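Novice: Quick one: the structure is below, and I'll ask about it shortly.
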Amino acid sequence: MIIAEGKPLAEVAGLIQGARKVLVVGCGGCVTVCLAGGEKETGILAAALRMLRQKEGNPLETVEVTLTRQCDPEYVEMLAKYVTDDVEAIVSLACGVGVQFLAERYNKWVVPALNTKFAGGTVEHGVWEERCGLCGECILYKTGGICPIIRCSKSILNGPCGGSQNGKCEVNPEIPCAWQLIYDRMQALGKLDLLMEIQPPKDWSKSRDGGPRKVVREDVRLA
Amino acid sequence: MKTESKLEKILSQGHFVVSGEIGPPKHANPEGIKKHTALLKDYVDAMNLTDNQTAIVRLSSIAAGVHVLQAGGEPIIQMTVRDRNRIALQSDLLGAYSLGMRNVLCLSGDHQSFGNHPTAKNVHDVDSIQLIKIVKDLRDEKKFACGEELKGNEPRFFIGAAANPFADPFEFRVLRLEKKINAGADFIQTQCIFDMERFERFMALVRERGLHKRAHIIAGVMPLKSAKAAKYMQQSVAGMIVPDEIVNRMEKAADPRAEGVAICVEQIKHLKTIEGVAGVHIMAVMWEEIIPTIVKEAGLYPRPKVE
Amino acid sequence: MQEFEPKIIAFCCFYCAYSAADLAGSLRLQYPANIRVIEMPCSGKTDVRVLLEAFEDGADGVYVLGCMEGDCHFLKGNFRAKRRVQQAKKILDEIGIGGERLEMYNLSAAMGPRFAEIAREFTERIRKLGPSPLNKNYASSRQGEDGRQAANSMKAGEQE
Chain A
10 MIIAEGKPLA
20 EVAGLIQGAR
30 KVLVVGCGGC
40 VTVCLAGGEK
50 ETGILAAALR
60 MLRQKEGNPL
70 ETVEVTLTRQ
80 CDPEYVEMLA
90 KYVTDDVEAI
100 VSLACGVGVQ
110 FLAERYNKWV
120 VPALNTKFAG
130 GTVEHGVWEE
140 RCGLCGECIL
150 YKTGGICPII
160 RCSKSILNGP
170 CGGSQNGKCE
180 VNPEIPCAWQ
190 LIYDRMQALG
200 KLDLLMEIQP
210 PKDWSKSRDG
220 GPRKVVREDV
230 RLA
Chain B
292 MKTESKLEKI
302 LSQGHFVVSG
312 EIGPPKHANP
322 EGIKKHTALL
332 KDYVDAMNLT
342 DNQTAIVRLS
352 SIAAGVHVLQ
362 AGGEPIIQMT
372 VRDRNRIALQ
382 SDLLGAYSLG
392 MRNVLCLSGD
402 HQSFGNHPTA
412 KNVHDVDSIQ
422 LIKIVKDLRD
432 EKKFACGEEL
442 KGNEPRFFIG
452 AAANPFADPF
462 EFRVLRLEKK
472 INAGADFIQT
482 QCIFDMERFE
492 RFMALVRERG
502 LHKRAHIIAG
512 VMPLKSAKAA
522 KYMQQSVAGM
532 IVPDEIVNRM
542 EKAADPRAEG
552 VAICVEQIKH
562 LKTIEGVAGV
572 HIMAVMWEEI
582 IPTIVKEAGL
592 YPRPKVE
Chain C
8 MQEFEPKIIA
18 FCCFYCAYSA
28 ADLAGSLRLQ
38 YPANIRVIEM
48 PCSGKTDVRV
58 LLEAFEDGAD
68 GVYVLGCMEG
78 DCHFLKGNFR
88 AKRRVQQAKK
98 ILDEIGIGGE
108 RLEMYNLSAA
118 MGPRFAEIAR
128 EFTERIRKLG
138 PSPLNKNYAS
148 SRQGEDGRQA
158 ANSMKAGEQE
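Chains as they are written, first to last, in this note's numbering: chain A, 10 to 232; chain B, 292 to 598; chain C, 8 to 167.
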């Protein structure tokens, strides 16, 4: 899922400081699972903003709505009845995608309450780690199911580099060296010889470097 | 002989080579480089110019190499893949060759979090092994990385790569070295050796796979200045192993610098006896002046003359 | 000087804290009337939202009372409550109300005296801190009253 994390309260408050009434919109998708922008977090943020503004003597009215997802127009449309003229800003607790979808649909000042971080998964309750680099051309079959693009700090395809020691990355002892993991996995699978093949340079044009991407399923388009 | 490199010539004549290293300055004045070149050129066969080492911005390796060449030395330029994509790398290779560079060491590069610009975007468009292949294909296939052919005047570099017997996983280090040689590496410089026993094990595996016959393996050494330096290497540098006995020797020494030099000379004399070691690479960081002493005491002076 | 009477909400778990409160009552132990007790099935049922709501609705101080660690009737509820109280304290700091106005305590059902002691200690803490910044207007309006000595801490606080 997409993992995001709440911005500091002061930063969010600063983004809406002139507004007297705001919508605080949560998302029932990824950010609910990573406990950053679901209904609960939306309630907490709205209360915190109200209390902060009350303390400043500049009261804030909030309307809390949690949409099923902010990345689908049908759900974004359900916000419409709350977007009245007196709403001066919309605080979105979705990932960057949701924030943009709201901004595109509603002619209001839309601000993000989260910093969208990475594509990852839950390693234990309360801990999420990055796993996928969204490179557009998956090569996980070459490395025993461990992604060298994102789990190696240098995106090396013929690893490891000389800084790998005791199975840790030179950047941070808490980061396991991806290539140590790959080596161990391939050895356990009896496929170490595959690692002797020289992997050619990656086609980054399929990744972010090629420009904003699009996927189309012609077979489901009706019009 | 694959190239016009002086280093290649000396190696091919069977000499035990000596290379040194110059760290370019954090400013735009080349006087220091010229001074070090004058100091070292009769004591080393070639000198490395580091490429923004530790991700700290320094005068570029290629420019520094030109200053070395002009001052009478044989430069080995270093190229990390951290800061430039394949377009810039190939362009710089063409430019460097046109300026007289003949030796290039292909490296991954220290992560930018170590340096003075940790917020920079790192590139890593290609990795060090892919870069070795690119340099080789330019020289032997006369092709760019995209497959397009060069119409003559291809850069003919003597290709170097790094090896680190002290990083993990140990068994894979030799296989990765083989990968680099398969990709086209002509010579190898290793990370500096303090754990001689581990290096000997590494060389045994190297010889087992015949790698020493396919590429020239140059062993890295570093003279220690103080016990503090020894401890720092031991504890704070990823990919380096310094045994406690070396740290102890430095701590107990009455004159740490002399002890550091003595240890270095002992190491070099021992390395000369290991089959498959083609030379020694002396990394005297911020202490280039000591190299002539070390070379002399290790019995490696004078250096062979080639035109 | 007018003494202010803190308004304090105590979220008490049914199994230990509320029983301790009952016991304090049976033992006729005196504790400040500033405490409004809210019974929860478990301290771990206390959501961060409800802690913030207490402050937004005018509480000067809030505490959560749960079973002794390891003895929670629902096994880990009091650990969850502890973490949530920590999180809420951070938020209260960021708002500027101050995390010191919120606390978590643990006790067993037999600890009637401890219940009273916590009530006294926490009331004193909040009294020293003064009214919650969200109550500033309320507090300053009280100052203008007939200048009588404030009710002592044993009398029930006024309803707003």
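For every residue, glycine included, the Cβ atom is placed at its ideal position computed from N, Cα and C.
In this text the structure is predicted, and so the values were computed from the model without any measurement.
Taking 8 Å as the threshold (beta carbon to beta carbon), is residue 28 of chain A in contact with chain C?
Specialist: Cβ-Cβ to chain C under 8 Å: no for residue 28 of chain A.
Novice: Measuring CB atoms only, is the segment 456-464 of chain B touching the segment 168-185 of chain A, in the sense that at least three cross pairs come out at less than 8 Å?
Specialist: Short answer: they touch.
Novice: So what does residue 229 of chain A bridge to, in DSSP terms?
Specialist: None, per the DSSP bridge assignment.
Novice: Note down, in chain order, all residues in the segment 470-498 of chain B with a beta-carbon under 8 Å from any beta-carbon belonging to chain A.
Specialist: Listed in sequence order: 470, 473, 474, 482.
Novice: Examine chain A for any beta-carbon lying closer than 8 Å to the beta-carbon of residue 586 of chain B, and answer yes or no.
Specialist: For residue 586 of chain B, the answer is no, since every Cβ of chain A falls outside 8 Å of its Cβ.
Novice: Is the CB of residue 460 of chain B under 8 Å away from at least one CB in chain A?
Specialist: At least one chain A Cβ lies under 8 Å of residue 460 of chain B.
Novice: Quick one: what does DSSP say residue 164 of chain C is sitting in, helix, strand or coil?
Specialist: For residue 164 of chain C, the pLDDT reaches just 35, beneath the cut-off of 50, and the residue's location in the model is therefore unreliable, leaving the point undetermined.
Novice: Can you check whether the C-beta of residue 62 of chain C is within less than 8 Å of a C-beta belonging to chain A?
Specialist: Yes - at least one Cβ of chain A is within 8 Å of the one on residue 62 of chain C.
Novice: What residues from the segment 36-52 of chain A come within 8 Å of chain C, judged by C-beta to C-beta, listed N to C?
Specialist: Under the 8 Å Cβ criterion, the segment 36-52 of chain A contributes 49, 52.
Novice: Measure from the C-beta of residue 10 of chain A to each C-beta in chain C and report whether the shortest distance is under 8 Å.
Specialist: Output row for residue 10 of chain A: interface = no.
Novice: Chain A beta carbons: is any one of them nearer than 8 Å to that of residue 526 of chain B?
Specialist: No, residue 526 of chain B does not count as interfacial toward chain A.
Novice: Which same chain residues, not among the five before or five after residue 140 of chain C, have their C-beta less than 7 Å away from its C-beta?
Specialist: Answer for residue 140 of chain C: 103, 104, listed in chain order.
Novice: Just the Cα atoms here: how many angstroms apart are residue 148 of chain C and residue 129 of chain C?
Specialist: Any reading at residue 148 of chain C must be qualified, since the residue scores a pLDDT of 41, below 50, and its modelled position is unreliable; no value is offered.
Novice: Can you list the residues of chain A that residue 59 of chain C reaches, using a CB-CB cut of under 8 Å?
Specialist: Under the 8 Å cutoff, chain A gives 53, 56, 57, 60.
Novice: Out of A:75, A:58, A:96, A:76, which has the shortest C-alpha to C-alpha gap to residue 68 of chain A?
Specialist: Ranking the options by Cα distance to residue 68 of chain A, first place goes to A:58.
Novice: Taking CB distances under 8 Å as the criterion, tell me whether residue 122 of chain A reaches chain C.
Specialist: Taking Cβ atoms only, chain C never reaches closer than 8 Å to residue 122 of chain A, which makes this a no.
Novice: To the nearest angstrom, how far is it from the Cα of residue 112 of chain A to the Cα of residue 48 of chain C?
Specialist: If you take the alpha carbons of residue 112 of chain A and residue 48 of chain C, they lie about 42 Å apart.
Novice: Can you give the Cα-Cα distance for residue 550 of chain B and residue 512 of chain B, rounded to whole angstroms?
Specialist: About 14 Å.
Novice: How about residue 453 of chain B: is its C-beta nearer than 8 Å to some C-beta of chain A?
Specialist: Cβ-Cβ to chain A under 8 Å: yes for residue 453 of chain B.
Novice: Counting only Cβ-Cβ distances shorter than 8 Å, please list the residues of the segment 79-98 of chain C near chain A, keeping chain order.
Specialist: If the cut-off is 8 Å between Cβ atoms, the segment 79-98 of chain C has 98 near chain A.
Novice: For the structure I just gave you, are there three or more beta carbon pairs, one from the segment 434-449 of chain B and one from the segment 144-155 of chain A, closer than 8 Å?
Specialist: No: the two stretches stay apart, fewer than three of their Cβ pairs being nearer than 8 Å.
Novice: In its own chain, which residues sit with a C-beta less than 8 Å from the C-beta of residue 55 of chain C, not counting the 5 before and 5 after it?
Specialist: Closer than 8 Å at Cβ, skipping near neighbours: 91, 94, 95, 98.
Novice: Under three-state DSSP, which class holds residue 413 of chain B?
Specialist: Of the three classes helix, strand and coil, the one that applies to residue 413 of chain B here is coil, per DSSP.
Novice: Just tell me which of A:43, A:38, A:60, A:24 has its CA closest to the CA of residue 99 of chain A.
Specialist: Ranking the options by Cα distance to residue 99 of chain A, first place goes to A:24.
Novice: Would a C-beta distance cut-off of 8 Å place residue 40 of chain A and residue 88 of chain A closer than the cut-off?
Specialist: Going by C-beta atoms, residue 40 of chain A is not nearer than 8 Å to residue 88 of chain A.
Novice: For residue 69 of chain C, decide whether its Cβ has a neighbour in chain A, counting only Cβ atoms nearer than 8 Å.
Specialist: False, the Cβ-Cβ gap to chain A never drops below 8 Å.
Novice: From residue 146 of chain C to residue 11 of chain C, what does the alpha carbon distance come to, in whole angstroms?
Specialist: Bear in mind that the predicted position of residue 146 of chain C carries a pLDDT of just 48, short of 50, making it too unreliable to give a figure here.
Novice: Determine the chain C residues that contact residue 18 of chain A at a beta-carbon separation under 9 Å, and present them in chain order.
Specialist: Neighbours of residue 18 of chain A on chain C, chain order: 98, 101, 102.
Novice: Which residues of the segment 62-73 of chain A have a Cβ closer than 7 Å to any Cβ of chain F? Give them in chain order.
Specialist: The chain labelled as chain F is not found among the protein chains of the depicted structure, namely A, B and C.
Novice: Out of curiosity, what's the CA-to-CA distance linking residue 111 of chain C and residue 107 of chain A?
Specialist: Looking at the two C-alpha atoms, the distance is approximately 37 Å.
Novice: Give the straight-line distance between the Cα atoms of residue 50 of chain C and residue 190 of chain A, rounded to the nearest whole angstrom.
Specialist: Between residue 50 of chain C and residue 190 of chain A, the C-alpha separation is close to 42 Å.
Novice: I'd like the span of the alpha helix (DSSP H) that includes residue 495 of chain B, first residue to last.
Specialist: That run of the alpha helix (DSSP H) goes 487-499.
Novice: Which residues of the segment 151-172 of chain A have a Cβ closer than 8 Å to any Cβ of chain B? Give them in chain order.
Specialist: So the close ones are 162, 163, 164, 165, 166, 167, 168, 169, 170, 171, 172.
Novice: I need the straight-line Cα distance from residue 476 of chain B to residue 384 of chain B, nearest angstrom please.
Specialist: Each residue's Cα considered, the two are about 16 Å apart.
Novice: Are there 16 or more other CB atoms within 10 angstroms of the CB of residue 225 of chain A, so buried, or fewer, so exposed?
Specialist: Exposed is the call here.
Novice: My assumption, with CB atoms under 8 Å, is that residue 312 of chain B sits in contact with residue 338 of chain B. Please give the rounded CB distance.
Specialist: With 8 Å as the limit, residue 312 of chain B and residue 338 of chain B qualify as a contact, their Cβ atoms being about 6 Å apart.
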